[in-house]
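Chains as they are written, first to last, in my numbering: chain A, 5 to 221; chain B, 148 to 637.
Quick look at the structure:
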């Protein structure tokens, strides 16, 4: 996989420009954190990235998670792999999951501490549990690139760290919009600060401290 | 997935319908059913608009009866909605709306004869019951806070107008305009029992084999309903409402002696009229139950359950036609047209047509019920699906349907289907008038034999059956925790 590049990307709602023009190049194997106050354009940038790099098959974890509340945790996670199977196989799975898929997904749920909820409809879960289901879905999807919007916003403490570790281990290259600056610095290699739809800061994480990011907020 | 209560309930219904199908009678008894259908299609493709005077009259009368009936029903319904907390009003409304417009028409025909009042009351009475219930639900859903902060002594009427009514107004208008569409269908169907509306002309055109006229009538009716939003404007409404009562036609005068005879003699059970006392009444009732009511109930239930499941299946299959997650602009418009035609055709009219083509059996009834109701539910579920926002990376095609959209709309779909259950049963009973052995068949034969006492008991049984199904449906909805609001109601 060659490097991922955006050149002069813009996004507009009607006539109002909310993003760009901005250019950004991602090296393969890089974990990038997008930081900035809410409304700065992080989600829009992720959405633009998803559109531009669609042919690379990125996994997407949107801020509103995009889970189906009436389906079980298992089925929501399985949805990450829908495109790997035939339509009929997916229909049968909807009625009765195959054992090998359960075997594939169960360890993932165990790792994220939600194995006991495997057959519970997602609509009945708490916010933190839902976020872990969405992460499990993204991990189950697999691939080279992950685009995640606030993946741990509903979690705190060790659970948030555990999930960050799981996501960054599963994907060699990832762009994660983050509001927790400490976590961003610990789990990513590079921090891109967004302000008013443009890049205000772009540094390796090692060179930054939480103090350096304060002006962005 | 099998643990889900909604899925288990659905499977129960499907199993029941399959069991019912073994007892049902599905056969095509006409000689050349497809040839007839071909002639009808030809009539639709080459309609004959030349019979202008009777086409105009058919449409004018259909409109007039709909406006007067729905207007009267809406006005009475609004008044009743304000006192809907009374158990008497609630029960009364449940009762009058459990009796189909055509049954009301058959009752009024016996003493008002072919006077316009028969048609008007046949629409206004059941509609008042429906309006009262739905208006009351809509008013209940308004925010009670504004009413609480009104200054002391604001007065009941102005308080109501400024708080609950003004909040609920858009919903009330929406619902009423939807009901006007239903009223047009009801009005058209009243023609089949002799009112001078569309159904009357349709029946005679069919009888004479004038398929060109049938096509013209149907097409004009679809156009009328499809363009409803264009010509029913708030500003024009008072004009329509004022003009409509004068356009009902004169019909035949009311013979008042008939009215008194109906109430004092005709509907009194025969054994009581002949002085046979309570024991005579019991034998009479038992005979009526075993020879007519029970077979009628059995067939009504069979047909309802089969039609309900086919309706649901059809709706879940067809809603993608108008869902933006599956269609583009052109295919979406075509889907809309298809669903408008399906839901604009009253099931009674559809059943009548199919019965002409295929001969009497349960088949035309099931197809008619499923097409009409399936079209309505598909339309509403499709609208619901358009409110969903899918992930950017949502799958396409079958996977999108099975994993993203269907699971999300299934709850609202079931709520709509259960709401429709009672309506399907009411229609099933009424289709008996066309010769399918449901309750309506026995009601109609009793009336033709001039045994109004029997007819009335059978109509009461039908009403109780409908109320029973309505209660069952409400229980199921609350057990499955299906949210159902008045405004989502068709």
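No residue lacks a Cβ here, since even glycine has one placed at the ideal position from N, Cα and C.
Quantities reported herein were computed from a predicted structural model and do not represent experimental measurements.
| Check | Outcome |
| --- | --- |
| Checking the sheet assignment: what are the DSSP bridge partners for residue 519/B? | Paired residue(s): none; residue 519/B is not in a bridge. |
| Which chain A residues are close to residue 549/B, counting only those with a beta carbon under 7 Å from its beta carbon? | 94, 95, 98 |
| Give the DSSP-derived three-state secondary structure of residue 7/A in the structure shown. | coil |
| Short of 8 Å Cβ to Cβ, which residues in the segment 550-575 of chain B face chain A? | 550, 551, 554, 555, 557, 558 |
| Could you tell me whether any Cβ in chain B is nearer than 8 Å to the Cβ of residue 54/A? | yes |
| Using a threshold of 8 Å, state whether the C-beta atoms of residue 49/A and residue 23/A are closer than that. | yes |
| If contacts are defined as beta-carbon pairs under 8 Å, then residue 557/B and residue 74/A qualify, I think. What distance do you get, rounded to the angstrom? | 6 Å |
| Does any CB atom of chain B fall closer than 8 Å to the CB of residue 87/A? | yes |
| Going by CA-CA distance only, name the one from 198/A, 185/A, 141/A, 197/A that's closest to residue 170/A. | 141/A |
| Looking at residue 216/B: is its Cβ nearer than 8 Å to the Cβ of residue 330/B? | yes |
| When you compare the segment 348-356 of chain B with the segment 454-469 of chain B, are there three or more beta-carbon pairs, one atom per stretch, that lie closer than 8 Å? | no |
| Measure from the C-beta of residue 467/B to each C-beta in chain A and report whether the shortest distance is under 8 Å. | no |
| Sorted by chain position, which residues of the same chain lie with C-beta nearer than 6 Å to residue 277/B's C-beta, five sequence neighbours on each side aside? | 244 |
| Give me the DSSP bridge partner(s) of residue 35/A. | 178/A |
| Determine the DSSP secondary structure at residue 554/B, reduced to helix, strand or coil. | helix |
| Can you tell me whether residue 52/A is buried or exposed? The criterion is at least 16 other CB atoms within 10 Å of its CB, across all chains shown. | buried |
| Hey, is residue 110/A's beta-carbon within less than 8 Å of any beta-carbon in chain B? | no |
| Which partner residues does residue 125/A have in the DSSP bridge list? | 76/A |
| What is the rounded straight-line gap between the Cα of residue 209/B and the Cα of residue 400/B? | 20 Å |
| Kindly confirm or deny that the segment 142-153 of chain A and the segment 94-103 of chain A touch, where touching means at least three C-beta pairs closer than 8 Å. | no |
| Please state the DSSP three-state secondary structure of residue 223/B. | helix |
| Compare the C-alpha of residue 199/A against each of 110/A, 214/A, 221/A, 182/A and name the closest. | 221/A |
| Here's the rule: buried if 16 or more other CB atoms are within 10 angstroms of the residue's CB, otherwise exposed. What is residue 380/B? | exposed |
| If you scan the segment 168-255 of chain B from start to end, which runs of the alpha helix (DSSP H) of 4 or more residues do you find wholly inside it? | 180-192, 199-229, 234-245 |
| State the CB to CB distance for the pair residue 213/B and residue 364/B, rounded to an integer number of angstroms; the pair is presumed to be in contact (CB under 8 Å). | With 8 Å as the limit, residue 213/B and residue 364/B do not qualify as a contact, their Cβ atoms being about 16 Å apart. |
| Please compile the residues from chain A whose C-beta is within a distance smaller than 7 Å of the C-beta of residue 542/B. | 86, 87 |
| Anything in chain B within Cβ reach of residue 72/A, meaning under 7 Å, just list it in chain order. | 550, 551, 554, 555 |
| Is the distance from the Cβ of residue 222/B to the Cβ of residue 279/B below 8 Å? | no |
| For residue 81/A, count the other beta carbons within 10 Å of its own beta carbon; 16 or more makes it buried, fewer makes it exposed. Which is it? | buried |
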